[in-house]
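For the sequence shown, position 111 (counting from the first letter as 1) is numbered 227 according to our numbering, and the numbering increases by one without interruption.
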Amino acid sequence: MYSKMNGYPSSSFRSSSGRLWGMSHSLPSGMDADFSSYSRPRLYGDMPSSSTFGGGNPSTPHHHHHHHHNHLSQPASHHHTSSSSTSSLTGMNFGPGSSGTAGTNLIVNYLPQDMTEREMYSMFSAMGPIESCRLMRDLKQTGYSYGFGFVNYLNEEAAQRAIKCLNGYPLRNKRLKVSYARPQSDDIKETNLYITNLPRTITEEQLDIIFGKYGTIVQKNILRDKLTGQPRGVAFVRFNKREEAQEAISALNNVIPQGGNQPLIVRVAEDHGRAKAALYVPSYNSIVHNNRGRVRMRNTPY
117 MYSKMNGYPS
127 SSFRSSSGRL
137 WGMSHSLPSG
147 MDADFSSYSR
157 PRLYGDMPSS
167 STFGGGNPST
177 PHHHHHHHHN
187 HLSQPASHHH
197 TSSSSTSSLT
207 GMNFGPGSSG
217 TAGTNLIVNY
227 LPQDMTEREM
237 YSMFSAMGPI
247 ESCRLMRDLK
257 QTGYSYGFGF
267 VNYLNEEAAQ
277 RAIKCLNGYP
287 LRNKRLKVSY
297 ARPQSDDIKE
307 TNLYITNLPR
317 TITEEQLDII
327 FGKYGTIVQK
337 NILRDKLTGQ
347 PRGVAFVRFN
357 KREEAQEAIS
367 ALNNVIPQGG
377 NQPLIVRVAE
387 DHGRAKAALY
397 VPSYNSIVHN
407 NRGRVRMRNT
417 PY
């Protein structure tokens, strides 16, 4: 189902026919990854019911209120990039009890850039038997990791355990977000925003403050100069819902952010254009706007 997700190719690890890769199983033959650099996630049996990871409470839903401001000088007291919960998803028809494999397929956000698919498999197979594991990356050009992936378990209990144990889990300089993956549908179209004229010193945390008050951010990417590694003042922010993305556009487009000297340009990004621009390859750095308010890459076929 997720062999390609919004244009991203992926490779995947899949268990051998008839064999379950559970908590007591090693990686499949040839997958002798060294996972020692990552602290071991606590298993389901290690955790009392009230225990949480990382000192936080990733299993508890946060209640947020949207605030509209005509300037960005005040940081948001709450933003939606905090970990989501199982209970907050029960009305969305892809959590436990739903038909098909929706209750077993998870999306994992905020993976470290240097994490491999083998390491991802090792971490999540500790929660239960895995049917497949996919780390989304650019396979055609650089192998660059997009920082998210999918894990499909063989039963709903293992998926629930993974959310409880690994959602909000600190890993290197990241904190994992583990939640149920939604089936592709119209409600996730036009959720990805392309933002220009950001301050050249912008950080992911500042993006969270600026955009997080308008909805749940599921993915963000600050484009950097290939030679210097410095931010280019351009970023992509993907929201959970189209309505959240539209609210961010209405509130932030043509607004000068704190630390900036130009008004932001905030628009819906074409998926194909975003996939090309996310890597910042010089041959693809000519971005044009079409008359529908989307952005695309010049000379990119559609």
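Ideal Cβ positions, reconstructed from N, Cα and C, are used throughout, including at glycine.
On a predicted model such as this, the values are computed, not experimentally measured, just so you know.
Assigned with DSSP and collapsed to three states, Gly331 falls in coil, not helix or strand. Contact between Glu359 and Ile338 is absent: CB atoms are separated by about 24 Å, not below the 8 Å threshold. Sixteen is the threshold: since fewer than 16 other Cβ atoms of the shown chains lie within 10 Å of the Cβ of Thr317, the residue is exposed. With respect to the C-alpha of Lys357, the residue from Thr307, Tyr226 and Leu270 having the closest C-alpha is Thr307. Phe264 and Asp254 have their C-alpha atoms roughly 12 Å apart.
In terms of CA proximity to Val350, Thr312 leads the group Thr312, Tyr285, Ser295 and Gly244. In this structure Leu309 is not in contact with Arg250, their Cβ atoms being roughly 25 Å apart against a cut-off of 8 Å. Inter-residue distance for Met231 and Gln276 is about 23 Å (C-alpha atoms, whole angstroms). Going by DSSP, Ile279 is part of the alpha helix (DSSP H) stretching over Glu272 to Leu282. In the DSSP assignment, Asn268 is bridged to Asn221 and Ser248. Per the DSSP secondary-structure output, Thr312 pairs in a beta bridge with Ile381.
Contact between Ala278 and Leu222 holds: their C-beta atoms lie close to 6 Å from each other, under 8 Å.
Beta-carbon to beta-carbon, Leu292 and Leu282 are separated by about 6 Å, close enough to satisfy the 8 Å threshold.
Just measuring C-alpha positions, the residue of Gly259, Gln346 and Ala274 sitting nearest Thr220 is Ala274. Counting C-beta atoms within 10 angstroms of its own C-beta, Gly345 has fewer than 16 neighbours from the protein chains shown and is therefore classed as exposed. Contact check for Thr332 against Phe352 fails: the beta carbons are separated by 9 Å or more. Pairing Tyr262 with Ile372, the inter-Cα distance amounts to about 29 Å. In this structure, the alpha-carbon of Ile365 lies about 12 Å from that of Ala385. The beta carbon of Val294 sits closer than 7 Å to the beta carbons of Leu222, Val224, Ala278, Ile279, Leu282 and Asn283 from its chain, once the five residues preceding and following it are set aside; these are given in chain order. Straight across, the Cα-Cα distance linking Asp324 with Tyr330 is about 10 Å.
Taking all protein chains shown into account, Leu343 has fewer than 16 neighbouring C-beta atoms within 10 Å of its C-beta and is therefore exposed.
By the beta-carbon neighbour count (other beta carbons within 10 angstroms, threshold 16), Lys336 is buried. DSSP places Arg348 inside the beta strand (DSSP E), whose first and last residues are Pro347 to Phe355. Taken through DSSP and simplified to helix, strand or coil, Ile372 comes out as coil. The closest CA to that of Leu314, considering only Gly375, Met252 and Met236, is found on Gly375.
In the structure shown, the three-state DSSP call for Arg340 is strand.
Around the beta carbon of Tyr260, fewer than 16 other beta carbons lie within 10 angstroms, which makes this residue exposed. Selection Gln229, Lys256 and Val267 evaluated against Ala242 yields Val267 as nearest (Cα-Cα).
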